[in-house]
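Following: one structure in structure tokens, then a few remarks.
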Amino acid sequence: MRNILFIICLLLSITLQAEINVPRLSPLPVEINKNKVDLTGAWSFSDSPSDNFWKQDYVGKWKSIEVPGEWCMQGFTVERGTEAAYKRSFTVPASWNGKRIKLRCNGVYSESRIFINGDSVGSHFGGFTSFEYDVTDFVEYGKDNKIVIGVKSYGLADSLANASKYAVHDLGGITRDLFLFPLETSNISMFHVSTQFDKYYNDAELCTEVELSNESDKDREGLFLQFTLKDKSGKEINIGKSKYPVSLKSGKKVKQNIAFNVKSPIKWNQEHPYLYVMTCKLVDGNSNVLHETTRKVGFRQIEVRGNQLYVNNMPVKLRGVNRHEVMPLRGRSVIGDIWEKDVRIFREGNVNYIRTSHYPPHENLLDACDELGMFVEVEAPFCWADETNVEESDRHKALENQHIEMVNRDRSHPSVLIWSVGNESRKYKEYFQNAARLIKEMDPTRPRVFSQWEPSSDGNDLEIGNHHYPGPSGPDKYRNEKRPIVFDEYCHLNAYNRLELSSDPGLRNMWGEILDKMYTDMYHSQGVLGGAIWAGIDDTFFLPNGKTVGYGTWGPIDGWRRPKPEYWNMKKAYSPVKIFQEGNINADGEVKFFVENRFNFTNLSDVKILWKTENSNGRLEANIAPRSESNLTITLPEEAYSDETLAIEVIDWNGITIDEYNFKIQLKEINRIKEKTYKLSVKETDNSITVSSKVFEYTFDKKNGKINYNPTLMLLPLNSEGRGIQMTGEGQNFDPYNPTCTRWIAENYEVKQSKESVVIEVSGYYKEAKGKYTYSFLSDGSVKVDYKFVAKEPVSPRQIGIVFTLPGDYDVLKWKREGYWNVYPVDHIGALEGSAKAFDSSISVSGLAGPSVQPVVDWGKDQTEAGSNIFRSTKENIYEASLTSSENDSKCWKVVSDGNQSVRTWRENGQIRVLVADYVNPGKEGFIVPFAEKEYRHLKKGDIVSGSILFRNY
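Numbering of the sequence shown is given in this note's numbering, commencing with residue 34 and proceeding in unit increments.
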């Protein structure tokens with residue numbers, strides 16, 4: 034085994050050396066943070082520099098700019114096709130004299146030229162890949178040096194990545210960090226690691242690929258390569274021979290491929306990301322360390338077998354999101370600890386896979402994925418590239434080299450599961466086939482995918498196929514596919530139907546059922562590897578000029594990293610521990626459950642399953658293997674036999690709550706309380722009929738056929754509009770889309786009176802429908818409004834019901850409802866019960882894109898003039914909903930239902946409007962339609978709509 038792997042490593046080295054020119058990206062020394070010149074911070078900037086700007090000593094009219102950062106997000110505009118310039122000074126420590134000085138740039142968007150002290154160092158093509166230059170011959174030690182970087186605004190690289198078009202603003206600038214660091218003249222110029230297990234997946238070979246460089250004018254003899262492997266605790270692991278002699282000719286490079294046998298290493302996987310540290314040292318004959326660097330090593334092996342992907346001999350399913358580098362006020366230039374924060378947020382949301390749409394991220398993201406546990410599909414920086422013509426002679430520089438730079442930087446990260454050669458760029462054979470070949474030659478350990486609309490886009494050339502937005506039929510379609518199919522874009526969130534969202538943020542909660550059903554079908558389809566929902570984070574940018582741009586609100590978290598309603602729905606749908614109640618508590622105190630373990634690697638014996646009733650609690654022991662299922666029973670103690678609910682919390686090995694459930698375990702008798710009755714009286718005048726009792730008074734207007742609160746029929750049409758797909762700078766304040774039926778003409782009425790009720794039936798017609806209302810004033814103090822109308826014209830409604838108009842101070846909403854899940858966070862718009870204030874004058878109003886400054890409240894409290902998100906959201910399947918006056922809490926309007934109606938409220942013209950709906954659906958966002966359309970109710974002329982609403986006024 035050892036010899037076979039050594040030969041594989043050697044052949045790989047020979048292939049790379051012979052065919053692929055891999056730009057140098059030096060392994061960073063272990064003491065890099067203590068021994069580098071950081072070039073981030075304030076630079077001088079010119080958006081229109083003069084000729085030979087790199088030779089000028091003066092700053093003149095140049096202005097200050099922060100690096101890293103986009104120039105657009107700092108208020109600068111650079112004419113497309115021209116070059117902007119950055120300039121700053123720096124000092125190289127005198128102690129670095131005699132060493133080789135490297136300049137590392139982790140991202141300059143997107144075509145750049147670098148000058149030091151007036152001389153050209155080099156140029157780089159591409160804005161999302163790291164690059165490096167040796168600047169030894171350009172710097173002076175202990176003195177002031179000047180670096181100038183010219184950055185082209187919108188060139189070929191940007192056109193191929195389409196990143197400026199995508200973000201709806203020019204992304205140009207030094208967008209990632211850059212720094213200088215020294216190396217000895219004899220140094221390690223490349224160091225990569227890979228692992229492979231024996232046939233039993235017990236012992237492993239750790240293969241190292243090392244390139245050594247002699248950048249001096251003298252030969253070096255008597256050098257040694259030394260390797261050390263340590264586990265998480267710092268304990269050194271036996272790897273056998275660990276010291277190898279090397280000799281380096283002047284100006285030459287030498288490659289070494291050395292495989293180490295490691296006995297029974299702890300495996301790395303996404304759920305248990307165990308990392309070792311491999312140290313590689315280049316030392317001289319006197320044991321002086323010339324270069325010391327490290328790699329985090331995760332022992333894991335990836336294989337495609339048939340239509341499944343295996344990691345460490347375990348078939349995996351991917352529960353993913355797409356992630357852009359995004360911060361609302363910084364654009365694509367992100368800083369701080371945002372990479373680790375994102376991984377933690379998504380991991381806690383039960384995500385196990387991130388696709389880096391549509392470019393390689395900063396390496397800090399991969400470091401976090403290695404450490405915390407997350408599979409990654411790293412995507413090359415090409416989006417809709419087929420729209421741009423690239424001459425064949427330019428394709429290596431423009432297309433292939435960026436793939437090479439991506440793989441060279443990232444291939445030692447255990448979290449990297451898949452290479453994506455590009456996004457939705459149809460010219461596979463012309464533009465990407467050779468790049469895909471180069472990827473395979475550089476890294477034969479991972480599968481590749483061409484991220485597209487259908488699997489055939491790559492001519493079945495790659496190990497994994499892809500289908501964007503396959504719709505609900507996708508899982509069955511690919512069940513028996515010959516290779517794994519990944520849906521690395523699916524279940525697109527609501528984003529572009531901004532008119533619908535302006536009236537009802539509750540659409541975001543309805544999406545959860547769609548995701549859950551779709552992912553469950555994917556999970557149970559063998560040929561479907563999994564997928565990544567579109568997207569992970571809202572793609573919204575607030576420009577310094579006040580404009581809002583981007584694709585908008587398509588993430589389960591917003592750009593400020595606040596959970597949105599979709600986050601909880603994602604967490605539930607992606608839960609790896611699915612628990613289904615099989616029945617009520619039986620005579621022996623047993624409650625039975627069907628449990629699915631959707632973990633890829635973890636037995637449920639490794640998680641805590643805690644249960645609790647009103648009078649008891651305990652822990653359920655579950656020995657269920659990964660990707661398996663079983664029936665389990667919780668036996669309650671006798672004192673808990675009468676308890677009504679059983680709550681379950683599933684907690685992982687890190688103390689993170691995976692999922693929560695709250696089951697009703699008793700057959701509950703409905704005790705209908707006999708309401709106190711009151712004598713009804715009727716008073717009639719020429720213009721009205723007043724019905725009153727001790728607890729209410731209502732007036733029927735004989736002129737218009739209406740009663741208090743002006744009940745009005747709503748046949749709210751579906752509406753996919755939202756000022757286009759992208760936000761292009763227009764304001765994001767939308768008038769809520771809440772049209773009710775118009776032109777009501779009352780024709781006749783009839784009054785019926787009994788001891789229990791007074792009933793007024795009024796017939797009439799709207800422009801849209803003809804029919805009648807029946808108002809029943811009941812002796813128990815309630816009012817029932819029945820409606821029955823015939824459509825006069827076709828309409829495809831999103832909601833059907835009656836809208837009531839209440840005084841403006843009735844602005845505190847409370848509700849109880851049945852939910853798709855039996856647990857929601859208390860501040861969630863879909864909470865099973867809760868309360869919400871219509872408006873908070875201490876909180877700024879924001880448009881559909883959300884707040885343009887760092888918010889201090891939860892997403893649900895963001896508000897438009899129509900009210901807060903939580904107040905305006907449809908509450909489906911209500912049992913009751915009330916609106917109470919904030920000025921006098923004894924004043925209350927309350928609707929009572931049976932769990933089959935929905936309520937939605939909003940502010941309008943100083944009043945509170947409340948829709949009680951008998952029909953709702955998830956809306957008309959284009960990507961939602963394939964899932965929602967089966968619920969659509971397309972009304973034809975002559976179709977009937979009807980319902981019955983019961984309410985009280987206190």
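Glycine is no exception: its CB is placed at the ideal position from the N, C-alpha and C atoms.
contact_flag[the stretch 543-552, the stretch 910-928] where n(CB pairs < 8 Å) is 3 or more:
At 8 Å Cβ cutoff, the stretches do not touch.
Inter-residue Cα distance where the pair is A469 and R428:
Rounded to whole angstroms, A469 to R428 spans 13 Å at the Cα level.
Indicate the three-state DSSP secondary structure (helix, strand or coil) for M360 in the structure shown.
It is a strand residue.
By Cβ distance below 6 Å, which residues in the same chain neighbour E780 in space, the five residues on each side in sequence not counted?
Residues of the same chain with a CB within less than 6 Å of the CB of E780, apart from the 5 flanking positions on each side, are S796 and G797 in chain order.
Here's the rule I'm using: 16 or more other beta-carbon atoms within 10 Å means buried, otherwise exposed. How should S145 be labelled?
Classification of S145: buried, given that the 10 Å Cβ count is 16 or more.
Which residue spans inside the stretch 873-941 form an unbroken alpha helix (DSSP H) run of at least 4?
Here the runs fully enclosed are 902-905.
Okay, do the stretch 529-539 and the stretch 891-909 touch, 3+ Cβ pairs below 8 Å being the bar?
Contact check between the stretch 529-539 and the stretch 891-909: three or more CB pairs, one atom from each, fall below 8 Å, which counts as touching.
Which residues share a DSSP beta bridge with T573?
Secondary-structure assignment with DSSP links T573 through a beta bridge to G583.
From which residue to which residue does the beta strand (DSSP E) around L983 run?
It spans I977 to N986 - the beta strand (DSSP E) in which L983 sits, taken as one unbroken run.
Minimum length 3: unbroken beta strand (DSSP E) runs contained in the stretch 93-174:
Correct list: 96-100, 116-124, 133-138, 144-149, 152-158 and 164-167.
So S930 packs on I862, CB below 8 Å; how close in whole Å?
Rounded, the Cβ-Cβ distance is 19 Å, inconsistent with contact.
Distance between D375 and A118 (C-alpha atoms, nearest Å):
Distance from the CA of A118 to the CA of D375, rounded to the nearest whole angstrom, comes to 32 Å.
Below 8 Å between beta carbons: does that hold for Y28 and V449?
An answer regarding residue 28 cannot be provided, because it is not within the stretch 34 to 987 covered by the chain.
Bridge partners of A779, per DSSP?
The partner list for A779 (beta bridge, DSSP) reads G797.
Which same chain residues end up closer than 6 Å to A568 when comparing Cβ atoms and leaving out the 5 residues on each side of it in sequence?
Around A568: N355, W587 and G588.
S535, enclosing alpha helix (DSSP H) - first and last residue
Unbroken alpha helix (DSSP H) run through S535: R531 to S536.
By the 10 Å Cβ neighbour count, where 16 or more other Cβ atoms means buried, how is V367 classified, buried or exposed?
Buried: at least 16 other Cβ atoms inside 10 Å.
To the nearest angstrom, how far is the alpha carbon of I618 from that of V624?
In this model, I618 and V624 are separated by some 5 Å (Cα to Cα).
For a minimum of 3 consecutive residues, which ranges assigned as the beta strand (DSSP E) are wholly contained in the stretch 385-461?
Segments of the beta strand (DSSP E) lying fully in the stretch 385-461: 386-388, 408-412 and 449-456.
For K736 and L526, the rounded distance between their alpha carbons:
The alpha-carbon atoms of L526 and K736 are separated by roughly 46 Å.
Selected residue, minimal CA-CA separation from S81, among W104, H225 and M475
Selected option, being the one with the closest Cα: W104.
Cα-Cα separation, S192 to T478
Distance from the CA atom of S192 to the CA atom of T478, rounded to whole angstroms, is 31 Å.
Looking at the structure shown, is N633 part of a helix, part of a strand, or coil, going by DSSP?
In the three-state scheme derived from DSSP, where H, G and I count as helix and E and B as strand, N633 is classed as coil.
Use the C-beta contact count for L700: other C-beta atoms within 10 angstroms, 16 or more gives buried, fewer gives exposed.
By the neighbour-count rule (16 or more Cβ atoms within 10 Å), L700 is not buried but exposed.
So what's E546 in DSSP terms, helix, strand or just coil?
The answer is helix: DSSP assigns E546 an H, G or I state.
Would F123 and N178 be called neighbours here (beta carbons separated by less than 8 Å)?
Going by C-beta atoms, F123 is nearer than 8 Å to N178.
Beta-carbon proximity list for T668, same chain, < 6 Å, skipping 5 on both sides
Taking T668 as the centre and dropping the five residues before and after it, the same chain places the C-beta of G622 and E623 closer than 6 Å to its C-beta, in chain order.
I'd like to confirm the pairing. Which residues does DSSP put opposite K817 in its beta bridges?
DSSP, once it has assigned bridges, lists S809 and L983 as partnering K817.
Quick check on this structure: which residue in K849, D842 and S885 has the alpha carbon closest to the alpha carbon of R946?
Cα-wise, what sits closest to R946 is D842.
For A824 and G980, the rounded distance between their alpha carbons:
It is roughly 14 Å from the alpha-carbon of G980 to the alpha-carbon of A824.
Return the first residue and the last residue of the alpha helix (DSSP H) that D509 is part of.
G507 to K510 is the span of the alpha helix (DSSP H), which, as asked, contains D509.
Exposure label - H557; buried when at least 16 CB within 10 Å:
Exposed: under 16 other Cβ atoms inside 10 Å.
By how many angstroms is the C-alpha of N656 removed from the C-alpha of S186?
If you take the alpha carbons of S186 and N656, they lie about 59 Å apart.
Touching by the beta-carbon criterion (3+ pairs, under 8 Å), the stretch 369-383 and the stretch 409-421
Contact between the stretch 369-383 and the stretch 409-421 is absent, because fewer than three Cβ pairs lie under 8 Å.
Taking only three categories from DSSP, how would you classify L38?
Any reading at L38 must be qualified, since the residue scores a pLDDT of 43, below 50, and its modelled position is unreliable; the value itself is stated next. The answer is helix: DSSP assigns L38 an H, G or I state.
Keeping to the same chain, check which residues put their C-beta closer than 6 Å to that of F613; ignore five residues upstream and five downstream.
Within the same chain, F613 has close Cβ partners F627.
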